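Visitor: Pasting in a structure now, in structure tokens, and then I'll have a few things to ask.
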Ligand code: HEM
């Protein structure tokens with residue numbers, strides 16, 4: 148194993164190559180994440196094992212000895228400094244998660260499907276109008292960006308007027324090309340905005356998750372004001388950029404793999420579900436998830452690794468999704484793959500994504516409806532012109548221009 152940490156590219160210019168290099172360095176390997184060294188876990192078996200290990204915590208205040216100095220200088224400070232379920236451990240985590248969990252259960256998600264369909268139809272109609280007027284359509288900006296935003300605003304009871312103000316700072320939470328000053332300014336601006344939103348909802352309560360959380364805080368005092376604002380921050384940011392990425396990646400995969408697209412067109416009900424799962428496996432929209440810490444030394448003698456108490460651990464989800472030990476021909480996009488849903492792209496264990504069923508419902512409805520509305524859509528630029536989102540964490544494209552005439556870009560696989 149190489150002792151020199153792999154320095155992760157803040158702009159993620161070659162995600163697939165970087166993940167390949169990471170896997171080649173071992174199942175658990177040293178990385179440098181914007182100046183913080185961590186053990187990156189890219190082998191699915193080890194990832195699963197460590198994600199359920201009680202000796203691994205996300206509570207940076209309790210279990211990360213370098214917490215104080217790191218939050219002062221690290222552009223990803225918000226990821227470890229927020230006070231919500233994301234950075235909680237043990238019973239604290241269970242209590243915080245219980246407050247939000249019911250809002251995302253199966254029944255509530257099913258009830259959201261007609262809302263998702265209505266939003267999708269409205270966005271597609273707008274895109275068709277734009278296209279008829281001869282304007283270029285960007286599947287990310289015009290569709291994938293809007294859908295999760297509208298869904299999350301509906302769930303949280305946030306009026307439309309707030310949407311634009313929210314979009315930019317939430318997006319920047321994932322932007323790892325920001326320096327410390329810009330990341331600090333952005334995080335503080337986002338928290339201030341959410342603080343004002345809480346004030347607004349106290350004055351204008353509704354039948355929504357924000358009002359439920361405010362009642363939990365004001366009624367039983369189980370949440371501090373900080374935890375309330377940070378829980379809203381988590382739901383908005385977790386529910387937005389990640390799902391945008393999944394929708395973009397699913398469409399990109401289908402539009403660049405004509406034979407797979409054909410399978411989906413022939414059987415849209417079932418094969419769309421499969422295409423979304425296969426995209427989650429192949430192109431996890433959360434590539435890396437900072438950070439976890441060993442609460443005591445963890446020995447993995449069979450691979451020659453010892454993680455010392457307090458050392459950071461990084462879940463490497465996109466590298467795990469293409470691990471050849473688990474997935475045959477892992478770089479291929481194959482909607483008929485039998486074990487695609489064995490991916491870990493929503494995490495595993497206590498912190499497993501609360502919004503996974505909602506995200507999948509959004510991506511499925513978006514994909515099925517888009518393919519129907521734009522039956523002959525193709526990507527309007529060459530594959531090499533597609534640029535990634537500048538983020539170690541978020542794995543997606545900054546734009547996906549489409550047209551209904553033109554040729555399929557070269558390099559398109561089957
Ligand atoms: C494709 C879309 C999504 C992906 C890939 C994704 C991925 C993840 C992952 C990997 C985690 C686990 C983090 C860890 O390792 O500790 C997580 C946690 C979480 N996600 Fe998602 N997520 C998505 C969509 C959503 C949506 C739509 C929501 C809600 C609206 C949401 C809410 C959450 C919350 C609240 C947590 C924290 C759970 C906890 O700490 O107990 N996510 N997500």
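Numbering (this note's numbering), first residue to last: 148 to 561. Even for Gly, the Cβ is constructed at its ideal location relative to N, Cα and C. Please read all numbers here as calculations on a predicted model, not as lab measurements.
Within its chain, find whatever has a CB closer than 6 Å to the CB of residue 395; leave out the 5 residues flanking it on each side and keep chain order.
Guide: Hits under 6 Å: 287, 291, 543, 544 and 547.
Visitor: Would you call the segment 394 to 408 and the segment 515 to 531 in contact, with 3 or more CB pairs under 8 Å?
Guide: Yes, the segment 394 to 408 is in contact with the segment 515 to 531.
Visitor: Count Cβ pairs between the segment 445 to 461 and the segment 417 to 431 that sit closer than 8 Å; are there 3 or more?
Guide: Output reads no: the segment 417 to 431 does not touch the segment 445 to 461.
Visitor: Residue 281 to residue 260, Cα distance in whole Å?
Guide: Near 31 Å, if we compare the C-alpha coordinates of residue 260 and residue 281.
Visitor: How about residue 263 and residue 298: do their beta carbons lie closer than 7 Å?
Guide: Taking 7 Å as the Cβ cut-off, residue 263 and residue 298 qualify as a contacting pair.
Visitor: What are the boundary residues of the alpha helix (DSSP H) that includes residue 505?
Guide: It spans 503 to 520 - the alpha helix (DSSP H) in which residue 505 sits, taken as one unbroken run.
Visitor: Any heavy atom of the ligand HEM closer than 6 Å to the CB of residue 232?
Guide: Correct: residue 232 has its Cβ closer than 6 Å to the ligand HEM.
Visitor: Since residue 388 contacts residue 317 with CB under 8 Å, what's their CB separation in whole angstroms?
Guide: Correct: roughly 7 Å between the Cβ atoms.
Visitor: Is it true that the CB of residue 231 sits closer than 7 Å to the CB of residue 378?
Guide: Yes; because the gap between Cβ atoms is below 7 Å, this pair is in contact.
Visitor: Between which two residues does the alpha helix (DSSP H) containing residue 262 stretch?
Guide: 253 to 279 is the span of the alpha helix (DSSP H), which, as asked, contains residue 262.
Visitor: Under a three-way DSSP split, which group does residue 329 fall into?
Guide: Of the three classes helix, strand and coil, the one that applies to residue 329 here is helix, per DSSP.
Visitor: Check for me: the beta strand (DSSP E) holding residue 437 runs from which residue to which?
Guide: Residue 437 -> beta strand (DSSP E) spans 435 to 441.
Visitor: Spatial neighbours of residue 265 within its chain, please: CB distance less than 6 Å, with the 5 preceding and 5 following residues excluded, ordered by chain position.
Guide: Cβ neighbours of residue 265 beyond the five flanking positions: none.
Visitor: Helix, strand or coil for residue 538? Go by DSSP, reduced to three states.
Guide: Coil.
Visitor: How many whole angstroms separate the CB atoms of residue 188 and residue 463, which I take to be in contact at a CB cut-off of 8 Å?
Guide: Right, their Cβ atoms sit about 6 Å apart.
Visitor: What residue range does the beta strand (DSSP E) around residue 427 cover?
Guide: From DSSP, residue 427 is part of no beta strand (DSSP E) but of the alpha helix (DSSP H) over 415 to 429.
Visitor: Could you give the residue range of the alpha helix (DSSP H) that holds residue 458?
Guide: Counting along the chain, residue 458 falls outside any alpha helix (DSSP H), and DSSP gives it neither H nor E.
Visitor: Excluding the 5 residues flanking residue 240 on each side, which residues of the same chain have their C-beta closer than 7 Å to its C-beta?
Guide: Contacts found: 232 and 497.
Visitor: Three-state secondary structure (DSSP) at residue 393?
Guide: If DSSP states are grouped into helix, strand and coil, residue 393 belongs with the helices.
Visitor: Output the boundary residues of the beta strand (DSSP E) element that contains residue 228.
Guide: It is not in any beta strand (DSSP E) - residue 228 instead sits in the alpha helix (DSSP H) that spans 224 to 228.
Visitor: Taking the C-alpha atoms as reference points, what is the distance between residue 323 and residue 156?
Guide: Going by the C-alpha atoms only, they are around 9 Å apart.
Visitor: Can you tell me whether DSSP reads residue 186 as helix, strand or coil?
Guide: Looking at residue 186 - three-state DSSP - the assignment turns out to be strand.
Visitor: In or out: residue 206 buried (at least 16 other Cβ within 10 Å) or exposed?
Guide: So residue 206 ends up on the buried side.
Visitor: Take residue 352 and list the residues in its own chain whose beta-carbon comes closer than 6 Å to its own, dropping the five residues that flank it on each side.
Guide: If we look at residue 352 and ignore the five residues flanking it on each side, its Cβ neighbours are 358.
Visitor: Contact between the segment 500 to 519 and the segment 442 to 453 is defined here as three or more beta-carbon pairs at a separation below 8 Å; is this criterion met?
Guide: No, the segment 500 to 519 does not touch the segment 442 to 453.
Visitor: Taking residue 314 as part of the alpha helix (DSSP H), name the residues at either end of that continuous run.
Guide: Start and end: 310 to 319.
Visitor: Alpha carbon to alpha carbon, how far is residue 252 from residue 376? Give it in angstroms, no decimals.
Guide: Roughly 22 Å between the two C-alpha positions.
Visitor: Out of curiosity, what's the CA-to-CA distance linking residue 346 and residue 335?
Guide: The straight-line gap from Cα to Cα measures roughly 17 Å.
Visitor: Going by the DSSP bridge assignment, what does residue 477 pair with across the sheet?
Guide: Answer by DSSP bridge pairing: none, since residue 477 is not bridged.
Visitor: Looking at the structure shown, is residue 554 part of a helix, part of a strand, or coil, going by DSSP?
Guide: With a pLDDT of only 37 at residue 554, under 50, the local geometry of the prediction cannot be trusted, and the value read off the model is given with reservation. Here residue 554 sits in coil by DSSP.
Visitor: Compute the Euclidean distance between the alpha carbons of residue 267 and residue 513, then round it to the nearest angstrom.
Guide: Rounded to whole angstroms, residue 267 to residue 513 spans 6 Å at the Cα level.
Visitor: For residue 429, verify whether its CB is less than 6 Å away from any heavy atom of the ligand HEM.
Guide: Not under cutoff, so the answer is no.
Visitor: Who are the near neighbours of residue 129 in its chain, counting only those whose CB is closer than 6 Å to its CB and skipping five residues on each side?
Guide: An answer regarding residue 129 cannot be provided, because it is not within the stretch 148 to 561 covered by the chain.
Visitor: Indicate whether the contact test is met: 3 or more Cβ pairs, each with one atom in the segment 206 to 225 and one in the segment 477 to 491, closer than 8 Å.
Guide: Counting Cβ pairs under 8 Å, fewer than three are found: no touch.
Visitor: Look at the alpha carbon of residue 183 and the alpha carbon of residue 449, and state the distance between them as a whole number of angstroms.
Guide: Those two C-alpha atoms are separated by around 26 Å.
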